[in-house]
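Notes follow once the structure below has been shown.
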RNA sequence: GCCCUGGUGGUGAAAUCGGUAGACACGCAGGACUUAAAAUCCUGUAGCCGUUGAGGCUGUGCGGGUUCAAGUCCCGCCCGGGGUACCA
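Numbering (my numbering), first residue to last: 49 to 969.
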């Protein structure tokens, strides 16, 4: 019988579906184990070959854990709100839900085709009102909470109101926005509106003004991704910064705990490090500089208060509120010009261009608090408005960016820490003794920092402060396709919608196009937005990450109507034991999800503060993107080889329109309206595209789907091949070279059971020691490799095992039975089929994982005792295939070495014929 | 720019704790079987020199360093990838 993978795959996928083989049962009495994949955004391009890399790996682990006797929760769902669906709706006029649901059907079919052992009854979709009801509910909890620094957790807003009523705001230690203090009687005297406005300074969900990328020509707000070189990616229109009222979540209140929680997790150190850097805790001081001619002081934050005597100029962010006030008349035009130039750049562009030093002088001077000398105040875009105070004291001798700035504008450099050579470069290290620094002279940097803060505090100039780079999370999007806010404004004050009115369902709109005013398309729905009592709804929607910040909880109890998750279910599963996903989520999603889990824990909704115990980052399967080059401000495209003659903008094109780097011009013109009249500068009569290896994404039009590969080689081969490609954590470009080898392996494995001529080969005969040795060595290796999540080496070990058994023509029943269980996590379809052919009625998923028997393993090498100086004894491990003469030679050589080391007993010795290669004393 | 990460044969890679670098697989070359092809099996396959049962030298992005021993640790570079707060 031949290995007919198509029939086998279909048969077993149907079997698993109808028998609900992988349905999770909380009452099984087995220990729980929760294995989670980061759920996909269902884009129109379908699941690409990069998604399954992680899904297959976690599926192998889930199947392995089931064999090991765990009750495994292994669910899948869809992160369904987002820009691509909205863009589709704008382009076609269809509802984004149509696009999303069609994409989901495609994804589900593709996932099932790979034979993943999900419990499909627990599928969730973030755009489902039954799901986002609870996203809205969590938002309401955030709105009705404040962060009490005293108890160090979030509490109900009522406890805050109680304190206001009793004693005003003076003694409250809260994470709050800046606001004036008030007494209990002042609170009582406030109007309802004034009280609500005051509470917004404390709520964990609050409103504030924030800058957005505004494109006047498109009449819409753009994401940073949609802005390139200061113009919109689509159309190339100018983009500026504009202030808009936005919702924020007060994640900064959790900064310290989000850092501390990292210690309790089994996370890769690099991801933990990225999160720590993202939160960016820095200890320093806030201090005030007086400004000549103004009463209001200029506050700065610095991590190096010790270098205060080296401050030779000040730098404000171009957006700093005091810039306009302090700028002198003769500098006003230069400052204005610089501000406009900075407004056109994104933060990322501003930081990326630090080599190009730029700035402008305001004409104003600050007074040095200790030396009383005047120091000039500049603005520059390397100072960011929303970090620290948006202003710095520049110490060019000890900060490289300040140094570059000082050199460029010829500002003084004052050395205050000895140890470097400031004529060459700044000396940034936090080590050395202070010089030229008055009362700090002679102190070590660490001492000087403490002393400087003490002095600053005693003179009332400022105070020691811990600053975080983390900013409060912007939670508003001026889009249609997202969760509506459960918020209604009365007299411009936000109130939450009563819980029994949830969900606030996303209404249908006439047009998904931007309103032109920068509001969400929902704002155009006046019937929906304006309520009979004169109040109005919030018309922004929540960001993409709202629904993905808690989905792992919903899988525990996906049909619950009363709560996001029941107490019983939540306490059974507690945390995700093993979370697998791309490292591109290391800061965004993983941080927001931890924040929500922490918050829900504070408010008693969940019983543990830890969302994900163990994290594993998969690398990405990269795609090969094709690039065309548009000559700036034209609709003419120049072929790759000629692009250096022009100033061009790079634009990604769909790889399906490109063959061997040659662009299909007609398809390109049909692709987008704006390209219909495109012109081309060709080389050799063809348009040659540039190529780029990068993340496979709908955005880059470089997606390759697994469908063809599965149709051709079967899904076990696809699964094993993806695992065989290399370590899961490593990124690599997709290629199908080498999949043949996995196909050959599966046929060879099949042929251990079947013979073309004689049929079923498996015999109930006793295995030889040699065969047992091969099997048990493989069991041990696979066990170790799966536990350390090295699945590519599992595949290699299985190949070696099958090669050896097939060379021995071993078709012994007890060997093959155990081998089937070993292979079943990786290649479940073929394993089920052969398992059934062996006469088993239950699915192989119910079979226990075999244990390696040490008795079969020890003979691979043997110990040889050596005596040294008649006293010490060492056991050396020698390979089996050494001759006795060689052994004698090695032992003599070893004795020589040991004498030379002074007679110490070696802990470990490895010998190969001819030389000693390892000797650990 | 900043943070994280990777760089090993023609290719994907292995080397788990500092100890024989290149397992396993692809590809390629030669051979067996076959009228032929496919499939299958066998042999070879880092480079250079040598040999034809002879071994030696070099070699893990580049330049240094530590060590009896470095792909692995340290310092300085170069290049690719991810993130950089409205892609998810």
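We treat Cβ as the ideally placed atom computed from N, Cα and C, and that holds for glycine. All figures in this text were calculated on a predicted structure; none of them were measured in a lab.
Check the C-beta distance from residue i over to residue j and give it rounded, since I have them as a contact under 8 Å.
i           : j           : result
residue 95  : residue 635 : Going by Cβ atoms, the distance from residue 95 to residue 635 rounds to 25 Å, so no, they are not a contact pair.
residue 627 : residue 125 : Residue 627 to residue 125, Cβ: 14 Å. No contact.
residue 204 : residue 193 : 6 Å
residue 670 : residue 782 : 7 Å
residue 552 : residue 184 : 6 Å
residue 326 : residue 663 : Actually they are not in contact, since the Cβ atoms of residue 326 and residue 663 sit about 15 Å apart, beyond 8 Å.
residue 631 : residue 742 : That belief does not hold up - the Cβ atoms of residue 631 and residue 742 are roughly 14 Å apart, past 8 Å.
residue 850 : residue 796 : 6 Å
residue 269 : residue 279 : The pair is not a contact, with the Cβ atoms about 15 Å apart (cut-off 8 Å).
Can you pull the DSSP bridge partners for residue i?
i           : result
residue 296 : 254, 522
residue 287 : The partner list for residue 287 (beta bridge, DSSP) is empty, contrary to what the question assumes.
residue 314 : 662
residue 339 : 414
residue 362 : 425, 441
residue 699 : 676
In its own chain, which residues sit with a C-beta less than 6 Å from the C-beta of residue i, not counting the 5 before and 5 after it?
i           : result
residue 758 : 161, 766
residue 243 : none
residue 6   : Since the displayed the chain opens at 49 and closes at 969, residue 6 lies outside it and no answer follows.
residue 558 : none
residue 229 : 217, 218
residue 463 : 445, 470
residue 570 : 587
residue 907 : Low local confidence applies: a pLDDT of 41 at residue 907 is under 50, so the model's placement there is unreliable, and no value is given.
residue 436 : 349, 515
My output table needs one value for residue i: the three-state DSSP class, helix, strand or coil.
i           : result
residue 490 : coil
residue 334 : strand
residue 857 : coil
residue 319 : helix
residue 497 : helix
residue 530 : coil
residue 308 : helix
residue 826 : helix
residue 71  : coil
residue 409 : strand
residue 637 : helix
residue 581 : coil
residue 737 : coil
residue 463 : coil
residue 802 : strand
residue 142 : coil
residue 833 : helix
residue 704 : helix
Starting from the C-beta of residue i, find all residues in its chain whose C-beta is less than 7 Å away, skip the five residues before and the five after it, and write them out in chain order.
i           : result
residue 522 : 258, 294, 296
residue 659 : 600, 623, 624, 641, 642, 645
residue 798 : 51, 878
residue 689 : 731, 736
residue 763 : 57, 161, 162, 163, 877
residue 538 : 583
residue 305 : 646
residue 518 : 299, 300, 303, 326, 327, 328
residue 791 : 761, 765
residue 608 : 614
Just to confirm my understanding: we take residue i, look at its own chain, exclude 5 residues before and 5 after, and list those with CB closer than 8 Å. What are they?
i           : result
residue 830 : 842, 845, 846, 870
residue 417 : 335, 336, 337, 338, 356, 504, 507, 509
- Query: Below 8 Å, can you find three or more Cβ-Cβ pairs linking the region 63-79 to the region 129-140?
  - Reply: In short, these stretches do not touch, since the Cβ pair count stays below three.
- Per the contact definition of three or more C-beta pairs closer than 8 Å, is the region 53-69 in contact with the region 711-719? no
- Item | Inter-stretch contact at 8 Å, needing at least 3 Cβ pairs: the region 176-194 / the region 244-254 | yes
- Does the region 693-702 come close enough to the region 794-812 to have 3 or more Cβ pairs within less than 8 Å? no
- Inspect the CB distances between the region 436-446 and the region 349-363 and report whether three or more fall short of 8 Å. Per the Cβ contact rule, the region 436-446 is in contact with the region 349-363 (3 or more Cβ pairs under 8 Å).
- Three or more beta-carbon pairs under 8 Å between the region 860-869 and the region 813-822, yes or no? yes
- Does the region 407-415 come within contact of the region 321-333, defined as at least 3 CB pairs closer than 8 Å? no
- Looking at C-beta atoms only, is the number of pairs between the region 392-407 and the region 367-384 that lie closer than 8 Å three or more? no
- Task: Would you be able to state if there are at least three C-beta pairs under 8 Å between the region 57-74 and the region 109-127?
- Result: Under the three-pair Cβ rule at 8 Å, the region 109-127 counts as touching the region 57-74.
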